[in-house]
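Protein sequences, first through last, are from chains A and B. The numbering of the first sequence is the UniProt record's numbering, which starts it at 1 and goes up by one. The numbering of the second sequence is the UniProt record's numbering, which starts it at 1 and goes up by one. For glycine and all other residues, C-beta sits at the position ideal for the given N, C-alpha and C. Quick notes on the structure that follows.
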Amino acid sequence: MKRKTKRLWIVLGAMICFALAITLILSAFSNNLVYFKAPSQLINHPTAKGTTIRLGGMVVANSLHYSHHDQTPTAEFKVTDGQAAIEVHYTGILPDLFREGQSVIAIGSLDQNNIFTANEVLAKHDETYMPKEVAEALQKSGKWDPKFGPPPDADTWDHMVKPKQ
Amino acid sequence: MISKILSPEFGHFTLALACCLAGAQFIIPLMGSKVKNNRLMALASPLAWGQFFALALAFACLITAAITDDFSVQNILQNSAADKPLLYKITGVWGNHEGSILLWAFILAFFGAIVSAYSEHLPLSLRAKVIAIMGGSAAGFELFCLTTSNPFLRVWPAPLDGQGMNPLLQDPGLAFHPPILYMGYVGFSVPFAFAVAALLEGKVDAAWGRWVRPWTVLAWALLTCGIALGSWWSYYVLGWGGYWFWDPVENASLLPWLTGTALLHSALVVEKREALKVWTILLAIGTFSLSLSGTFLVRSGILNSVHAFASDPARGVFILLLLAVISGGALLLFAWRAPTLTQTGIFTFFSREGSIVLNNILLCTMAAVVLTGTLYPPFIQLINGQTLSVGKPFFDNALIPIALVLFLAMAIGPVIAFKKGNLKQTAKTLSVAALISIPCIIIAFIYLHQILPSLATGLCVWIILSACSDFIKHIALFKTSLGNTINRMAGLPRSFYATYIAHIGVAITVLGIVGMAASQQKIVEVPINTTIHLAGYDWTLTNITDRQGPNYIATEAVIKVSKDGQPITWMVPARHYFQRQQQVVTDVAIHTNFVSDLYAVLGDSKNSTQATPLFVLRLHYNPLAPWIWIGGLIMTIGGFITLTDRRFRVGSPAHRKKAKDI
């Protein structure tokens, strides 16, 4: 085989591989992208049941309690962005840095009763740190602006304005 | 006394000195080769050593400041405390942004020095250019360190005690993981320097391939080891029972590993057949660029990550400039000079070279997928402000099909001859192994109920068995006398063993990953003396105690594990409460028998009362989990065995003389 034809074949092989990779990436993207939503966004624009999303906000103070099912504890708490709160259920050990009144990200999906079932809960390493997504959601909701100092105290998150449904 | 001599100011001075020496190391040898002055070119090596010693002193100064608790140094103040154990005072030096940049520069200088030590047999002008390029990149990083991330800045007035270190980082695994990982990243600067030097020289031949390959293998082995260590750390420290999170930092280390693996193989083709030259040069440039952009984009905070240190826009701009100069410069040079490189070696598709081309295409495709998945979320955020994330399902769906083809090539490739393979002979070597691996696919499917992982299992078994059968064929086991077989075993080149050992390592890692897909877990909240059943084991919580650690208070749970009434082990998961940071760190208990792991985490219970104390436990059964890291270790060993191959030493007059002496 001549070198030119060979090079053509190699290039062709690489192109096919490239096209396959693009197809794989696009198909994987179409099913597996996880969007971030704040509670009010999720309530106003509910996603299809079972779609995985990242729900971010502050844990409402004094909202954490546990229910038991067959020795397995399920943590139940509310996550708010100041406009709306969503009940989150999580079966598992909450991260060490999980605190009421602090920011959190829950990954999971919303069910029929507007209860968010999380299969992963993230609280970041530093207690003064707020995930970028949560900070942005709080700013958009008008509840907090970083220009006016640190995020509001945990206790002020108790009194929620219930969304009209 | 020592702390007086090795003061932070002295460290600052030696860092600046190193930067100047690195600049000289870049300019003088290049000028020398331009004007064909041998004395100027010969200056490269002493300058590289000088830069290395200056940086070693700077590094020693920072370590001295850390050990002697000099809290007037901002970096020590922010990351250390008087009550921190000595080991973590030392390793904490590179557990923060400034220190890690200094470590990076130090390792780069170290590689510059050992390259100049082991390159005496190289043509003078190539050697001068290689060392000059290493010096040029080092100068950039030292300048970065001096201007935007100086670890020697003082604070006035000096506080009495430091702010302490993130307790999560106080772990021996994490203490040694960054230096090894960095050595892997920085190690790819050597193939990069060789590639740029070859472009400047306008000549790439088999000898170049032979010179560049050991450095590539060294960097690759260190990077493999570093990634494996990091993954092992997150498995046993983070306590989520996972080993890989597709986090930007992890992806940043995987990218150069993928292209570095491709480089490793294509450099082999350059060495043996003088083919794929241009491609190899491009891979060498790309791999180092990925190493650079990976670590530095993460450190600059462009990619948000749990591993990221505090970010600063000035740093980001400097890093981008540095990246543009190093990678952009190299790519420009490539565009200009690559067409002058002549191609020679000819091969057919069914040949070792053909399989390596396939390996390269697949590895680069995988790298492209990982890169897309990593950069897509920040890109979308920039375009339309939508926040999204890409996780394990994406990478699984997009990577596994490509990986399966790669495994196929891994099983077949090493058996095929160079230049023109013999289809019949290859099939003969592989057929028995293939026949055994088909039932493995079926067995795996019965356990996993998933097609792709089962296929992966079968392919991995095939990789291992075809390696064995090729080995048996080469040593003519049972076909000739035993003595002859042993002679043949000793006569096989080391790189023959290394190839198969590394491939088997990959297969073992993949089997571990597949096994983890069948892991089981259970979360319970129970009082003391309760028995929990999971995966055929009985886990009994027998006791809970408190203990005072060096800078934390530990709550320890004692779990007795038994199977069918036979006691197997005692496990002690714990929670460490660090008073200074008011932070709790979970301490996972792992029992391994090298086929599966029992993994226990103690959680914190909110329902617990004085009358009925309750404890939250998360228990995991992880089949084949240890294989993930054992495979990584085997790959690393394979890499180091290649380095001992005689062929890399041929052509080195110094070594040949030594051999004669013996």
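Practice problem: Taking only beta carbons into account, state which residues of the segment 71-95 of chain A come closer than 7 Å to chain B, listed in chain order. | Solution: Q71, T72, P73, T91, G92 and I93
Quiz item: Between B/L264 and B/T216, which are expected to be in contact by the criterion C-beta below 8 Å, what is the C-beta distance as a whole number of angstroms?
Solution: 5 Å
Practice problem: Answer with buried or exposed for B/E274, where buried requires no fewer than 16 other C-beta atoms within 10 angstroms of its C-beta. | Solution: buried
Self-check item: Rounded C-alpha distance that separates B/I475 from B/I486
Solution: 7 Å
Practice problem: State the start and end residues of the unbroken alpha helix (DSSP H) segment that holds B/N360. | Solution: R352 to N384
Quiz item: Alpha carbon to alpha carbon, what distance is there between B/I446 and B/R580?
Solution: 51 Å
Quiz prompt | Proximity below 9 Å, CB of B/V212 to CB of B/V196 | solution = no
Practice problem: Per DSSP, which residues does B/D546 bridge with? Please list them. | Solution: B/T555
Self-check item: Inter-residue Cα distance where the pair is B/A490 and B/K473
Solution: 14 Å
Quiz prompt | Nearest residue (CA-CA) to B/I281, options B/V595, B/F245 and B/L268 | solution = B/L268
Exercise. Could I get the ranges of all uninterrupted beta strand (DSSP E) runs contained in the segment 155-220 of chain B, with 3 residues as the minimum, in chain order?
Key: none
Quiz item: For B/L86, is the classification buried or exposed, using 16 other Cβ atoms within 10 angstroms of its Cβ as the cut-off for buried?
Solution: exposed
Quiz item: Any beta-carbon of chain A closer than 9 Å to the one on B/T426?
Solution: no
Quiz item: Excluding the five sequence neighbours on either side, which residues of its own chain have a C-beta within less than 6 Å of the C-beta of B/G187, listed in chain order?
Solution: L218, A219 and L222
Self-check item: Listed by chain order, chain A residues near B/N362 by CB distance under 8 Å
Solution: The amino acid occupying residue 362 of chain B in the given sequence is Leu; Asn does not appear at that position. Under the 8 Å cutoff, chain A gives C17.
Self-check item: C-beta contact flag for B/N529 and B/T545 at 9 Å
Solution: no
Exercise. State the start and end residues of the unbroken beta strand (DSSP E) segment that holds B/V35.
Key: Premise fails: B/V35 is in no beta strand (DSSP E) and is neither H nor E.
Practice problem: Flag this pair as touching only if the segment 34-50 of chain B and the segment 504-515 of chain B have three or more C-beta atom pairs under 8 Å; answer yes or no. | Solution: no
Exercise. Pull up the distance between the alpha-carbon of B/W244 and that of B/W233, whole angstroms please.
Key: 10 Å
Quiz item: Using the C-alpha atoms, what's the distance from B/L362 back to B/S7?
Solution: 51 Å
Self-check item: Minimum Cβ-Cβ distance from B/K420 to chain A less than 9 Å
Solution: no
Self-check item: Within chain B, the residues that A/R54 reaches when beta carbons sit closer than 7 Å
Solution: S389
Self-check item: B/A456, DSSP secondary structure in three states
Solution: helix
Self-check item: Alpha-carbon to alpha-carbon, B/A139 and A/L94
Solution: 46 Å
Exercise. Answer yes or no: do B/N79 and B/L62 have a C-beta to C-beta separation smaller than 9 Å?
Key: no
Quiz item: Secondary structure at B/F110, three-state DSSP: helix, strand or coil?
Solution: helix
Quiz item: In three-state DSSP terms, what is B/L276?
Solution: coil
Exercise. Out of B/A175, B/W156, B/A158 and B/P157, point me to the one whose CA is closest to B/M165's CA.
Key: B/A175
Quiz item: Are the segment 28-46 of chain B and the segment 126-146 of chain B touching, with three or more C-beta to C-beta distances below 8 Å?
Solution: yes
Practice problem: Show which residues of chain B have a CB atom less than 8 Å away from the CB atom of residue 168 of chain A. | Solution: Chain A is shown only over 1 to 165; residue 168 of chain A falls outside these bounds and no answer can be derived.
Exercise. Helix, strand or coil for B/S596, going by three-state DSSP, please let me know.
Key: strand
Quiz item: When you compare only the Cα positions, how much space is there between B/S266 and A/I25?
Solution: 26 Å
Quiz prompt | Three-way DSSP call (helix, strand, coil) for B/P567 in this model | solution = strand
Quiz item: Would you say A/V34 faces chain B, with C-beta separation under 9 Å as the test?
Solution: yes
Quiz prompt | C-alpha gap between B/V558 and B/V357, whole angstroms | solution = 54 Å
Quiz item: Less than 8 Å between the CB of B/L492 and some heavy atom of the ligand ZN, yes or no?
Solution: Among the ligands in the structure shown, none appear at all, so the ligand ZN cannot be discussed.
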